[in-house]
Structures are given as structure tokens and as C-alpha cells.
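Q:
There are 2 protein chains.
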Amino acid sequence: MTPAVVLLSGGLDSATTLAIAQKDGYACHCLSIDYGQRHRAELEAAARVATSLGAVEHRVMTLDLTAIGGSALTDASIAVPVDGLQSGIPVTYVPARNTIFLSLALAFAEVRGATDIFFGANAVDYSGYPDCRPEFMQAFEALANLATRAADDGRKLTLHTPIITLSKADIIRRGRDLGVDYAATVSCYQATADGAACGQCDSCRLRRAGFEAAGVADPTHYVA
Amino acid sequence: MTPAVVLLSGGLDSATTLAIAQKDGYACHCLSIDYGQRHRAELEAAARVATSLGAVEHRVMTLDLTAIGGSALTDASIAVPVDGLQSGIPVTYVPARNTIFLSLALAFAEVRGATDIFFGANAVDYSGYPDCRPEFMQAFEALANLATRAADDGRKLTLHTPIITLSKADIIRRGRDLGVDYAATVSCYQATADGAACGQCDSCRLRRAGFEAAGVADPTHYVA
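Chains as they are written, first to last, in our numbering: chain R, 8 to 231; chain H, 8 to 231.
(1) Which residue from R/F147, R/G222 and R/P88 puts its Cα closest to that of R/S210?
(2) Give the DSSP-derived three-state secondary structure of R/F126 in the structure shown.
(3) Evaluate R/R162 with the Cβ neighbour count: other Cβ atoms within 10 Å of its Cβ, from every protein chain shown; 16 or more gives buried, anything less gives exposed.
(4) Rounded to the nearest angstrom, what separates R/V98 and R/H36 at their Cα positions?
(5) List, in order along the chain, the chain R residues whose C-beta lies closer than 9 Å to that of H/M68?
(6) Would R/P102 count as contacting chain H if we go by Cβ distances under 7 Å?
(7) Would the region 54–70 of chain R count as touching the region 211–218 of chain R if we require 3 or more Cβ pairs under 8 Å?
(8) I'd like the span of the beta strand (DSSP E) that includes R/C35, first residue to last.
(9) Please state the DSSP three-state secondary structure of R/M68.
(10) With H/E49 and H/G18 assumed to form a contact (beta carbons below 8 Å), what rounded beta-carbon distance in angstroms separates them?
(11) If you draw a straight line from the C-alpha of R/S203 to the C-alpha of R/A53, how long is it?
(12) Quick one: which residues of the region 106–129 of chain H get their C-beta closer than 7 Å to a C-beta of chain R? List them in chain order.
(13) Below 7 Å between beta carbons: does that hold for R/D159 and H/P137?
(14) Report the neighbours of H/R215 on chain R: residues whose CB is nearer than 8 Å to its CB, in chain order.
(15) Evaluate R/M144 with the Cβ neighbour count: other Cβ atoms within 10 Å of its Cβ, from every protein chain shown; 16 or more gives buried, anything less gives exposed.
(16) Compute the Euclidean distance between the alpha carbons of H/R225 and H/D31, then round it to the nearest angstrom.
(17) Look up H/P10 in the DSSP assignment and give the residues it is bridged to.
(18) Which same chain residues, not among the five before or five after R/F126, have their C-beta less than 6 Å away from its C-beta?
(19) If H/G76 and R/V118 are in contact, beta carbons under 8 Å, what's the gap, nearest whole angstrom?
(20) Just to make sure I have the definition right: I need the residues of chain R whose C-beta is within less than 7 Å of the C-beta of H/P137. Which are they?
(21) Taking the alpha-carbon of R/L72 as reference, which of R/L38, R/A57, R/V56 and R/R104 has the nearest alpha-carbon?
(22) Quick one: is R/S78 buried, meaning 16 or more other Cβ sit within 10 Å of its Cβ, or exposed?
(23) Taking all protein chains shown into account, decide if R/V230 is buried (16 or more other Cβ within 10 angstroms of its Cβ) or exposed.
(24) Considering only the alpha carbon of each residue, which of R/I170, R/L38 and R/T58 lies closest to R/F115?
(25) Let me check understanding here. Comparing Cα to Cα, which of R/G186, R/G120 and R/L213 lies closest to R/T155?
(26) Could you check how far apart the C-beta atoms of H/I124 and H/L166 are, in whole angstroms? I think they sit under 8 Å.
(27) Is H/Y229 helix, strand or coil when you go by DSSP?
(28) Under 7 Å between C-beta atoms, does H/A7 make it to chain R?
(29) Quick check on H/T165: does DSSP put it in helix, strand or coil?
(30) Could you tell me the distance, in whole angstroms, from the CA atom of H/V193 to the CA atom of R/I178?
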């Protein structure tokens, strides 16, 4: 089987992306980044998801983004908004996060001899994030093809973003058809240690609305 | 003064790059990455260099690249070669390292409101490393200009690589003229805890030959 690296956050989008990569026949090497995020239950969810979908392995790399802060997710002094979607780039945006995550995935791919990277970015829900857009993904793929031994050997690196233009409802329907157990995933920006979701942050609102629009029962465990 | 982020390893090249950025009038925010490298004396050297050259600040970010390995610098089971330069990409090459370092510098730049990044990459000594070449740097700059808030606000991000085409001797002469104290820097891939250099690894050989070619006394502290 062809190896692929799959960035796995533990949330709904990346779980669906892993299911797609598995369905496409890749041997999936999952990578999660412990970057000091508040919602650490994500990482435990990522491990559950990797196991349940049959990934080859799941690695967690530690990166201390709290050393620079700049986001509600990495700086305890910035509150996570719970009063609905804001205009512009939200405070939960982590500076250059997708550039960082993709560069770490690229390193892991090189170590594993993989030339395929799967990334569950979405340009519909996260239209305010510059690094979620298709033109950013194309630029990263161009960079990756200049960055590694594989490029020197003439092997083309491909960045797959299979859900980038899907609505949340379409992602959920796709994942349901592929057997994703969404009860195992955690999307909340401020989930409790055991993975219970607040139901009020942007991520919870998007997720809940997605299940409603998809006509799929929401299996999320919310705090009382 | 205009803020800039300077990637600072503690070695000769990045110290010279910092001196150039300071001379050009930037307020320099230095970033070092503690990525599990064997030569940890580098990080202490970076702190000394930042202070001696008058940087605004020096931050160290921790990234555990040993979680994926793949290089003699991050995997204790792979030996550092001490028998002269090899052909091809050497085992001291760290997969996607420059992509990772630049992405972290980009994040720090965004947090500090900087649109200038200085990076002491060199395409002469490290011609075997794909991510040291000018075309890689151009591709990263293109990516960076799609990746952050600054891009959305119409502010152009510039990646400065002022020593990329200089020989080691030219770098040393340039730094000497700018007052860099090379005794404070550490280049050795397997420096001792107090920063003494082995004198035998590729990095030591390149550095020693550079001082000789520049006609500058080598201030490096070698092990007996």
C-alpha cells in the first residue's frame, strides 16, 4: 500500500479526511500536534479516531506555541468567544498554524518515504482564515516540491485536501457513509478534560449546525 | 524602528545574518528552535549572540523533532560523520527543517506585527540540502504572502537571505566588519555541553576552512 501522512486533530473534519484516505487505499501515518492548545481532549480523540479507522500509526509531536502566543487557543489571557461568529479573522486563529502543521507533516512524510499528505482544511466554514484557502494549499504544494529529498529524486509530492470545498453537512454525510464514529471526535475549542463540548464556541456552533443540516443525529457529548 | 524576526541558531551564519539585520536598522526579534538537536550548546550560544548584537528579544521555541527522527541530529541511533564531506544529501540533513523553521518564524512575525524575516541560509556550503536553495526561499515567500493576516491586509512579507550566495570566508569577513564575536558562536554538530567543538564533523570542517580562507584567526574553542 502507498504510505500517506494524515494530519489528525481529533476533530470532525480531520477524522473524515482520514476515512477518505483509508477508503482511497493509503496506508495512513497519522500526525497530531500538541501545540499547547486549550482543547487537549482533541489529542485523545485523535488517538481513538486513528485506531477506529485502522491507521498504520499515530504520532504526537510537541510544539510549544505558547512561547509566542497570539491566539485564544495558545494564550490563556485571551478568552474563547462564546457569543456567536465574529466578522474578520477570529481570535481563535493561531498565527501561521496551517503552514506549521503542513511543514511538520512534510517532515514526517519524508521520514516515512511518503509523497502524499492529507489535510482536512475547509475553506467554507473557515473563510476568514487566510491559511484555509485553496490558493494557500497550492502554494504549499509548490514549496513542498522544492523542499525535500523526494523533490531531488523526481518524486512528486501531492497535498490532498478532499473536504476543502464541502459544507459541514456534506462532510458529515460523507463521513457517515464511510463509517466515521463522530462520537469519538472532539471539536470544541474549550472541551473539558474528558472531551465534553461547551456547545457555545464557534467550533461547537458550526458542528451542531452541520449535524442539523445533514439530518444526522448529533452524537456530541455536551456539558450539562 | 521596523520590527523583524531573525532565525538564530547560535552558529556563525545566523550570527552574521543578525548583524546584517541590525546594521540595516531593524528591531530584531530573535527566534531559536530547540528541536532536540544534539548540539544543544547552540541554544546558549544563540542567547549570547542576541545579547551581544543588541537584539530586542530572544525566544526559544521547543519542538520535539525526535518524535519522528530521520536525521543524525535528531536520532541518537544515527552517528554524526567525522570522516569528511560526503556526496549527496548528508545524514545530518533534518527533514523539512528549513520549511519548519521558516513557518515558525512566520508565526512569530505575525504575533509581533513584523513583515520582515531574516534567515541565514547558505546555498554554497549546503548545496546538497534542497531547502537551502534560492528557489526554495522564493517559494516560501510566495506561500507566506498567502498565509497570514498581513497578506489579507495588503502588507507584503519579505524573506531576507543576505548570505545565501556568500562563501564561508566572505560571511566571516562580513561579520568581522560588523563586529560579530565569533568566539560566542557554536557551529559543531556534536559540541560539548560547554560549547567546545569536535573539529571533525562537516560543520567544523567548513567553519575552520572558512576562517583560513578569510585570513581571520579562528576563535573556536576545540576539544583537546
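Where a beta carbon is used, it is the ideal one built from N, C-alpha and C, also for glycine. Bear in mind that the values here come from a model prediction, so they are computed numbers and not experimental data.
A: In short, the structure shows the following:
(1) Walking along the first sequence from the start, residue 210 of chain R turns up at place 203. With distances taken between CA atoms, R/S210 lies nearest to R/P88 out of R/F147, R/G222 and R/P88.
(2) As a first step, residue 126 of chain R must be located in the first sequence, where it is residue number 119. It is coil, neither helix nor strand.
(3) Looking up residue 162 of chain R in the first sequence gives position 155. Per the 10 Å Cβ criterion, exposed.
(4) The residue you call residue 98 of chain R lines up with position 91 of the first sequence. The residue you call residue 36 of chain R lines up with position 29 of the first sequence. Distance between the alpha carbons of R/V98 and R/H36 is about 31 Å.
(5) As a working mapping, residue 68 of chain H is identified with position 61 in the second sequence. Taking the beta carbon of H/M68 as reference, the chain R residues within 9 Å of it are L70, D71, L72, A74 and I75, listed in sequence order.
(6) To locate residue 102 of chain R, count along the first sequence from 1; it is residue 95. Cβ-Cβ to chain H under 7 Å: yes for R/P102.
(7) The region 54–70 of chain R, when compared against the region 211–218 of chain R, does not touch it at the 8 Å Cβ threshold.
(8) Mapped onto the first sequence, residue 35 of chain R falls at position 28. A34 to D41 is the span of the beta strand (DSSP E), which, as asked, contains R/C35.
(9) Walking along the first sequence from the start, residue 68 of chain R turns up at place 61. Look at R/M68 here: in three-state DSSP terms it is strand.
(10) Indexing the second sequence from 1 puts residue 49 of chain H at position 42. Indexing the second sequence from 1 puts residue 18 of chain H at position 11. About 7 Å separates the beta carbon of H/E49 from that of H/G18, a gap short enough to meet the 8 Å contact definition.
(11) As a first step, residue 203 of chain R must be located in the first sequence, where it is residue number 196. As a first step, residue 53 of chain R must be located in the first sequence, where it is residue number 46. A small correction: the amino acid at residue 203 of chain R is Ala; Ser does not occupy that position in the sequence shown. In this model, R/A203 and R/A53 are separated by some 15 Å (Cα to Cα).
(12) Here the close residues are T106, I107, S110, L111, L113, A114, F115, E117 and V118.
(13) Position 152 of the first sequence holds residue 159 of chain R. Position 130 of the second sequence holds residue 137 of chain H. Yes.
(14) In the second sequence, the residue the question calls residue 215 of chain H occupies position 208. What H/R215 touches in chain R, judged by beta-carbon distance under 8 Å, is nothing: the nearest beta carbon there is about 28 Å away.
(15) Translated into positions along the first sequence, residue 144 of chain R becomes position 137. With at least 16 other beta carbons inside 10 angstroms of its own, R/M144 counts as buried.
(16) Taking the second sequence and counting its residues from 1, one reaches residue 225 of chain H at position 218. Taking the second sequence and counting its residues from 1, one reaches residue 31 of chain H at position 24. Checking the sequence, you will find Asp at residue 225 of chain H rather than Arg. In this structure, the CA atom of H/D225 is about 26 Å from the CA atom of H/D31.
(17) The sequence position of residue 10 of chain H within the second sequence is 3, counting from 1. H/P10 pairs with H/A34.
(18) Within the first sequence, the letter at position 119 stands for residue 126 of chain R. Only L14 and T168 meet the Cβ criterion.
(19) Taking the first residue of the second sequence as 1, we reach residue 76 of chain H at position 69. Taking the first residue of the first sequence as 1, we reach residue 118 of chain R at position 111. That belief holds up - the Cβ atoms of H/G76 and R/V118 are roughly 6 Å apart, short of 8 Å.
(20) Reading the second sequence from its first residue, position 130 is the one you call residue 137 of chain H. The CB of H/P137 comes closer than 7 Å to the CB of L153, A154, T155, R156, A158 and D159 in chain R, given here in chain order.
(21) Taking the first residue of the first sequence as 1, we reach residue 72 of chain R at position 65. Selection R/L38, R/A57, R/V56 and R/R104 evaluated against R/L72 yields R/R104 as nearest (Cα-Cα).
(22) Along the first sequence, one-based indexing puts residue 78 of chain R at 71. Flag for R/S78 reads buried.
(23) Within the first sequence, residue 230 of chain R is the residue found at index 223, counting from 1. Exposed, since its Cβ has fewer than 16 Cβ neighbours within 10 Å.
(24) Position 108 of the first sequence, counted from the first residue, corresponds to residue 115 of chain R. Its Cα nearest to that of R/F115, the residue R/L38 stands out among R/I170, R/L38 and R/T58.
(25) As a working mapping, residue 155 of chain R is identified with position 148 in the first sequence. The candidate whose alpha carbon is nearest that of R/T155 is R/G120.
(26) By 1-based counting over the second sequence, the position of residue 124 of chain H is 117. By 1-based counting over the second sequence, the position of residue 166 of chain H is 159. About 5 Å separates the beta carbons of H/I124 and H/L166, which is inside the 8 Å limit, making them a contact pair.
(27) By one-based count along the second sequence, residue 229 of chain H stands at place 222. Assigned with DSSP and collapsed to three states, H/Y229 falls in strand.
(28) The requested residue 7 of chain H is not part of the displayed model; chain H covers only 8 to 231.
(29) Counted from its first residue, the second sequence places residue 165 of chain H at position 158. Strand.
(30) Counting from one through the second sequence, the residue named residue 193 of chain H turns up at place 186. Counting from one through the first sequence, the residue named residue 178 of chain R turns up at place 171. Straight through space, the alpha carbons of R/I178 and H/V193 are spaced by roughly 50 Å.
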